[in-house]
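In the working numbering, the protein residues as written are 21 to 273.
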C-alpha cells in the first residue's frame with residue numbers, strides 16, 4: 021500500500037516538474053507476525069508523518085513481504101531522492117526482522133513462521149546473516165538479505181535513516197551494530213553527511229506512558245546517531261530529532 025502527499029502547482033509545467041523531482045520522505049512500517057505490532061507501527065508512522073508537516077513529499081508503505089519488499093521499494097526510488105527513511109519494525113544489533121505475508125488483521129504463531137519459512141530479514145553483513153540464519157534456516161537464504169543489497173544511491177547526501185525498533189544501535193555486544201554498519205555503507209556510497217539513528221536499548225511505543233493507540237510513538241528513550249560507523253552523539257529527548265541537533269553532531273558544517 022502506497023500513499024503519497026505532495027503540494028502541487030498549476031503555474032506551469034516546469035515548476036510542477038521541479039516539485040515532483042524534489043527529495044522525498046519514506047515511511048515504511050509492518051511485516052511483523054503480530055497484527056497488534058503492525059498496528060502500533062502504523063500509528064507510530066502517522067505521528068512521525070505529522071511531525072514532518074509536509075515539508076517534503078511523503079510516501080508511506082505498509083510492508084507485507086518483508087525485506088524482499090523493503091529492498092524493492094528503495095530500489096524503485098530515483099538516485100539522490102530519499103531525504104529521510106523511517107522504518108518501523110522489530111530489530112536487534114544484528115538486523116531488522118520481518119515476515120512474508122504480514123497482515124493488519126491476522127497474527128501468525130512462531131510455529132507457523134518457522135514451518136512456512138516466513139522470515140525475510142535484513143542483516144548488517146553477510147557474516148552475520150550466515151551465522152544467525154544458517155542454524156535455523158537450513159542454509160536457505162532466498163528471503164534473507166544484508167545491507168549491501170540496498171540501493172543506497174537513492175539517498176541524498178544529507179539523508180537521515182531512523183530505525184524505530186529495538187536495540188539496532190545497542191553496543192552491549194561490542195561497537196558494531198546495525199545502525200553503525202548502515203551508516204558506514206551510506207558513507208561509502210558517497211552520502212558523506214548522512215546519519216543513521218537507532219535505539220540503544222529496547223524500544224516501545226508508549227511515549228510519555230501513553231496507553232492511547234493513536235498516540236503510539238517510538239521516539240523516546242536513548243537513541244544514538246551514527247555517521248560513517250562512528251557514534252556522534254546520543255539523544256534522550258522525546259520526539260523528532262531536529263536538523264540542528266544532527267548538524268551539530270556532524271560538526272556544524
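Glycine included, every Cβ here is placed at the ideal spot set by N, Cα and C.
Is it true that the CB of residue j sits closer than 9 Å to the CB of residue i?
i, j, result
"residue 56", "residue 119", "no"
"residue 247", "residue 190", "no"
"residue 94", "residue 105", "yes"
"residue 49", "residue 64", "yes"
"residue 53", "residue 128", "yes"
"residue 220", "residue 242", "yes"
"residue 115", "residue 150", "no"
"residue 216", "residue 261", "no"
"residue 268", "residue 201", "no"
"residue 79", "residue 47", "yes"
"residue 188", "residue 111", "yes"
"residue 270", "residue 195", "no"
Go ahead and label residue i buried or exposed: buried means 16 or more other beta carbons lie within 10 angstroms of its beta carbon, across all protein chains shown.
i, result
"residue 232", "exposed"
"residue 263", "exposed"
"residue 146", "exposed"
"residue 88", "buried"
"residue 98", "exposed"
"residue 166", "buried"
"residue 42", "exposed"
Got a sec: is the Cβ-Cβ distance from residue i to anything in chain D below 9 Å?
i, result
"residue 262", "Here there is only one protein chain, and chain D is not present."
Have a look at the options and flag the residue whose alpha-carbon is nearest the alpha-carbon of residue i.
i, options, result
"residue 68", "168, 94 and 45", "45"
"residue 101", "254, 173, 149 and 181", "173"
"residue 235", "249, 214, 250 and 259", "259"
"residue 183", "240, 171 and 195", "240"
"residue 90", "62, 108 and 255", "108"
"residue 169", "255, 205, 60 and 103", "205"
"residue 238", "218, 171, 251 and 250", "218"
"residue 113", "214, 185 and 228", "185"
"residue 163", "196, 171, 92 and 181", "92"
Just verifying my parser: in three-state terms, what is the DSSP assignment at residue i?
i, result
"residue 227", "helix"
"residue 79", "strand"
"residue 138", "coil"
"residue 265", "helix"
"residue 125", "coil"
"residue 256", "coil"
"residue 74", "coil"
"residue 106", "strand"
"residue 274", "This structure gives no information on residue 274, because the portion of the chain shown stretches from 21 to 273."
"residue 25", "Residue placement at residue 25 is poorly supported in this model, since its pLDDT is 40, which falls under 50; the coordinates are not used for a value here."
"residue 178", "strand"
"residue 5", "For residue 5 there is no data in the structure shown, the boundaries of the chain being 21 and 273."
"residue 120", "strand"
"residue 96", "coil"
Is it the case that the CB of residue i approaches a heavy atom of the ligand SAM more closely than 8 Å?
i, result
"residue 217", "Among the components modelled here there is no ligand, and therefore nothing to report on the ligand SAM."
*Sufficient close CB pairs (3 or more, under 8 Å) joining the segment 210-222 to the segment 170-181*: Segments in contact, yes.
*Check whether the segment 75-84 touches the segment 120-138, counting contact only when three or more Cβ pairs, one atom from each stretch, lie closer than 8 Å.*
Yes, they touch.
*For the segment 218-228 and the segment 136-144, state whether three or more C-beta atom pairs, one from each stretch, are separated by less than 8 Å.*
By the Cβ rule, the segment 218-228 does not count as touching the segment 136-144, because fewer than three pairs are nearer than 8 Å.
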